[in-house]
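Before any comments, here is the structure.
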Amino acid sequence: MKRYARGTGAGSGGSFRSKGATCLLRWIPLALGLALSGILGAQGQPPSAPVSRIVTVGVNKDYPPFEYLDPTGEVAGWDVEMFREAARIAGIRAQFVHGSWAEIREQFERGEIDALAGMLWSEERAKSVEFTRAHMDVLYGIYVRGLDSGTALEDFKGRKILVEERSLVHEEMVRLGYADDLIPVESEPETLRRLAQGEGDCAIAPLLIGNEWNSHREPLDVTPSRALLFRGRLCFAVRKGDTDLARTLDLALGKILTSGQYDRLWGSVFPKKNTASTATPPLAYWLLLPVGGALLVAAAWYYTIRRQVVKKTLFIKEELQRSEAMREVLANSELLYRSAIEATKGVPYRLRYDNPDDPTDREGHYEFLGEGIEALVGVPASQLDWKTMGTIAHYTYDGGQTTQEELQSRAKLYRTGKLPRWHGEFAVRHPDGTVRWLQDDAIPVLDESAQRVIGSLGILHDITERKESERRIRSLNSELEARVRERTSDLQRTVSDLESFTYTVAHDLREPIRAISLLAGLIKEDSSTQVEPMTIDSLDRIEQSAQRLSRLVDGMLKLSRVSRTEISKEDVDLSAIAEDVAAHLMALRPYRDLRFRIEPDVLAHGDPDLLRSLVENLLSNAAKFSCQVEQPLIEFGVTESKGRRVYFVKDNGVGFDPRYADKLFRPFERLHDSSDFPGSGVGLATVQRVVERHGGTVWASSGSGEGATFFFELGSDDNQATPPSPLE
Numbered sequence: 002m003k004r005y006a007r008g009t010g011a012g013s014g015g016s017f018r019s020k021g022a023t024c025l026l027r028w029i030p031l032a033l034g035l036a037l038s039g040i041l042g043a044q045g046q047p048p049s050a051p052v053s054r055i056v057t058v059g060v061n062k063d064y065p066p067f068e069y070l071d072p073t074g075e076v077a078g079w080d081v082e083m084f085r086e087a088a089r090i091a092g093i094r095a096q097f098v099h100g101s102w103a104e105i106r107e108q109f110e111r112g113e114i115d116a117l118a119g120m121l122w123s124e125e126r127a128k129s130v131e132f133t134r135a136h137m138d139v140l141y142g143i144y145v146r147g148l149d150s151g152t153a154l155e156d157f158k159g160r161k162i163l164v165e166e167r168s169l170v171h172e173e174m175v176r177l178g179y180a181d182d183l184i185p186v187e188s189e190p191e192t193l194r195r196l197a198q199g200e201g202d203c204a205i206a207p208l209l210i211g212n213e214w215n216s217h218r219e220p221l222d223v224t225p226s227r228a229l230l231f232r233g234r235l236c237f238a239v240r241k242g243d244t245d246l247a248r249t250l251d252l253a254l255g256k257i258l259t260s261g262q263y264d265r266l267w268g269s270v271f272p273k274k275n276t277a278s279t280a281t282p283p284l285a286y287w288l289l290l291p292v293g294g295a296l297l298v299a300a301a302w303y304y305t306i307r308r309q310v311v312k313k314t315l316f317i318k319e320e321l322q323r324s325e326a327m328r329e330v331l332a333n334s335e336l337l338y339r340s341a342i343e344a345t346k347g348v349p350y351r352l353r354y355d356n357p358d359d360p361t362d363r364e365g366h367y368e369f370l371g372e373g374i375e376a377l378v379g380v381p382a383s384q385l386d387w388k389t390m391g392t393i394a395h396y397t398y399d400g401g402q403t404t405q406e407e408l409q410s411r412a413k414l415y416r417t418g419k420l421p422r423w424h425g426e427f428a429v430r431h432p433d434g435t436v437r438w439l440q441d442d443a444i445p446v447l448d449e450s451a452q453r454v455i456g457s458l459g460i461l462h463d464i465t466e467r468k469e470s471e472r473r474i475r476s477l478n479s480e481l482e483a484r485v486r487e488r489t490s491d492l493q494r495t496v497s498d499l500e501s502f503t504y505t506v507a508h509d510l511r512e513p514i515r516a517i518s519l520l521a522g523l524i525k526e527d528s529s530t531q532v533e534p535m536t537i538d539s540l541d542r543i544e545q546s547a548q549r550l551s552r553l554v555d556g557m558l559k560l561s562r563v564s565r566t567e568i569s570k571e572d573v574d575l576s577a578i579a580e581d582v583a584a585h586l587m588a589l590r591p592y593r594d595l596r597f598r599i600e601p602d603v604l605a606h607g608d609p610d611l612l613r614s615l616v617e618n619l620l621s622n623a624a625k626f627s628c629q630v631e632q633p634l635i636e637f638g639v640t641e642s643k644g645r646r647v648y649f650v651k652d653n654g655v656g657f658d659p660r661y662a663d664k665l666f667r668p669f670e671r672l673h674d675s676s677d678f679p680g681s682g683v684g685l686a687t688v689q690r691v692v693e694r695h696g697g698t699v700w701a702s703s704g705s706g707e708g709a710t711f712f713f714e715l716g717s718d719d720n721q722a723t724p725p726s727p728l729e
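Residue numbers (this note's numbering): 2 to 729.
Have a look at this one:
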């Protein structure tokens, strides 16, 4: 460690004997002091604890003599030595990092540093930092240059004041309204250097730093004013919320202050100057030396005892203040606790296990911290132990009845600390026959080693009204479900009857419609009958209408068959069906210019006949709306979306307006004029019915004049053997 004492050398005018005597006189007080220190420190330094934690500590590199870097680049100073000693006592391995005060403050606030070796306490800082007790008072003064007449802070209002950036002085000066007058710099020694160089009108720094600079470093033309600005309390600081580290360091500081180690550390960091005289002592000095030595020992003893008494008195006062503050906090916490308990209408309890080492033992005693337990369980608190509670409580867990084995298994996990929280509901039958439902929430209480569960802290709530409400809701839900099933059955019968009626009507209409068409054709072809041109035109219209009606009836029959057909699923090669349908369509005159791009080996799992009808309707629909464009192209394939196979049919035809996409799959709905695109109007409705019978969905996307793409999936049991290809 770097020492700041500066000694004075011996004179050269005396004899060897005088020099020897002077040297002896110099060593006698030192020997007496060492002996006295040995007596006072007989109890020795506090013992070291085994290392239990590694802590990163921030050190201000330019804050001598409190914190600084020695010539080898190692951290040193009063704060560093105090933290090292406290860490040794507490079993902490301190890893020091250094930087400017602003840098280590930022690292501390970002959580990169666990503690600061020194930080001045303030009420505002205590809101975001955990402080230990103070281990030193730091006196701050106003430094001026030369013979500046300013002696008080008010004299420098409107003038430039040098302060350390983000220091307590900086924060307090801003709070006092001097923000516009401040010049923040990197360190407090830097404030004195800049003041001596002519920058600013004054500087605020600790008096000990100014004395250190002028006494042991280069003297500066700056002097402190006669007024003391304020006194700061120097403490260790740790991050907010790390109360364990703060308490550990605080206890270690207490041991340092009460063991005499504080004085030894002080003497090592701030050694006294050697001011021994070089003159030869007279004979009387030799004669009085034993008496003076005895008086010196007595005075030193008295001074040391008095200092220890003062320190212990201050320590006791601080502890009393802490105890008073703790009592106030406990009183407020108890008031808040009781208010919370009253608001929740619960009964808190403490359960102590008689045999904590046996997780199966049911012996234990309750201590109820509120009133009303007898109203909850029907048994007076004085007669209620853990075994009694186990006999009257019928537990449930997660909404179901818990077996005795399950309850014992959960209790064992809880008793061994493997279940961090107990939650259960149980019913209690009172002596008068009434049943109350209670909710039990508890957490385990551990012993000092934090390895063994010795009890529980919990709270009991009356949930009888909630349970009754749940029972009524379940009853209403059951009634509603029964009513829905009945209505659904009625609806299914109605739909089935309607489908049967539709099928019967459509089937019976086929013959009359075919007869009308046939008769109209025969009348036109009968050459023996003289028929007027107007009549011929009317007969053509009758024949065309009959043909349209016939297609409509055929579509209705197909749609009805899709709903009535029994499904028999197997693996189906959709690519082969698409190739077959494409060949059939290209053989028809309107579709000779069509081009098809069909992905090979597209397999699906479903009914072969229904899937053929599905592919036929989608490809025929695409052909009908694409044949009028140049270079019509129809694509068929499969892709994947969210882990499911999605089949598609894509064309570059006229498309449709997306606003009317919801009408596409309705029977007999048309988005285009029937004269331009003839059809029955049930093709896409048939597609939807087939997909739904396979448990899938169908949808389409398009823009007017941009072609259309129809997608469909066939449910969860669709064949996944063939990996899908991406949609181009």
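Where a beta carbon is used, it is the ideal one built from N, C-alpha and C, also for glycine.
Contacts around residue i, its chain only, beta-carbon distance under 8 Å, and the 5 residues preceding and following it disregarded
i, result
"Pro185", "Val164, Glu165, Glu166, Arg167, His171"
"Gly684", "Gly556, Asn618, Ser621, Asn622"
Buried versus exposed call for residue i [16 or more other C-beta atoms within 10 Å across all chains shown]
i, result
"Ser703", "buried"
"Val130", "buried"
"Ile599", "buried"
"Met390", "buried"
"Lys625", "buried"
"Arg106", "buried"
"Leu250", "buried"
"Ser16", "At Ser16, the pLDDT of 34 sits below 50, so the modelled position is not reliable and the matter cannot be decided from this model."
"Gln629", "exposed"
"Lys651", "buried"
"Gly199", "exposed"
Start-to-end residues for the alpha helix (DSSP H) that takes in residue i
i, result
"Tyr263", "262–270"
"Asp80", "79–91"
"Gly684", "684–694"
"His585", "575–587"
"Leu117", "No alpha helix (DSSP H) holds Leu117; the beta strand (DSSP E) holding it covers 116–121."
"Glu189", "189–197"
"Leu377", "374–378"
Contacts around residue i, its chain only, beta-carbon distance under 7 Å, and the 5 residues preceding and following it disregarded
i, result
"Ser529", "Note that Ser529 has pLDDT 48, beneath the 50 cutoff, so the model's placement of it is unreliable and no number is given."
"Val616", "Leu575, Ile578, Ala579, Val582"
"Ala280", "Because the pLDDT at Ala280 is just 40, under 50, the model does not fix this residue reliably, and the point stays unresolved."
"Tyr263", "Ile257"
"Arg422", "Ile444"
"Trp700", "Phe712"
Residue of the options minimising C-alpha distance to residue i
i, options, result
"Met120", "Val446, Arg146, Asp80", "Asp80"
"Glu113", "Val58, Glu471, His136, Asp652", "Val58"
"Ala547", "Met535, Leu575, Ser518", "Ser518"
"Asp355", "Leu589, Ile55, Arg416", "Arg416"
"Phe427", "Gly418, Pro421, Ile393, Ile455", "Ile393"
"Ile731", "Ile514, Asn212, Glu544", "Within the shown structure, residues of the chain are numbered from 2 to 729, placing residue 731 beyond reach of any answer."
"Ile455", "Val446, Glu155, Asp463, Asp359", "Val446"
"His1", "Glu480, Glu219, Asp658, Tyr350", "This structure cannot settle anything about residue 1, because the visible part of the chain is limited to 2 through 729."
"Pro225", "Trp102, Leu208, Val139, Arg234", "Leu208"
"Glu203", "Asp182, Arg240, Leu420", "Here residue 203 turns out to be Cys, not Glu, going by the sequence shown. Checked all of Asp182, Arg240, Leu420; the closest Cα to Cys203 is Asp182."
"Leu254", "Asp541, Ala238, Gln452", "Ala238"
"Ala103", "Glu187, Gly178, Thr244", "Glu187"
"Ser569", "Asp463, Phe597, Leu589, Val691", "Val691"
Extent of the continuous beta strand (DSSP E) to which residue i belongs
i, result
"Glu368", "365–369"
"Arg54", "54–61"
"Ala605", "604–607"
"Trp102", "Unbroken run through Trp102 is the alpha helix (DSSP H), 102–110; no beta strand (DSSP E)."
"Val170", "Looking at the DSSP string, Val170 is not in any beta strand (DSSP E); the run it does join, the alpha helix (DSSP H), is 169–176."
"Gln440", "436–447"
"Val348", "347–354"
"Glu68", "68–70"
"Pro48", "Looking at the DSSP string, Pro48 is not in any beta strand (DSSP E), and its letter there is neither H nor E."
Residues of its chain near residue i, where Cβ-Cβ distance is below 6 Å and the 5 sequence neighbours each way are ignored
i, result
"Val647", "Thr640, Phe712, Glu714"
"His99", "Val60, Lys62, Val76"
"Glu636", "Arg598, Lys651"
(request) Could you name each continuous beta strand (DSSP E) segment of 3 residues or more that falls completely within the region 201–231, going from the start of the chain to the end? (result) 203–207
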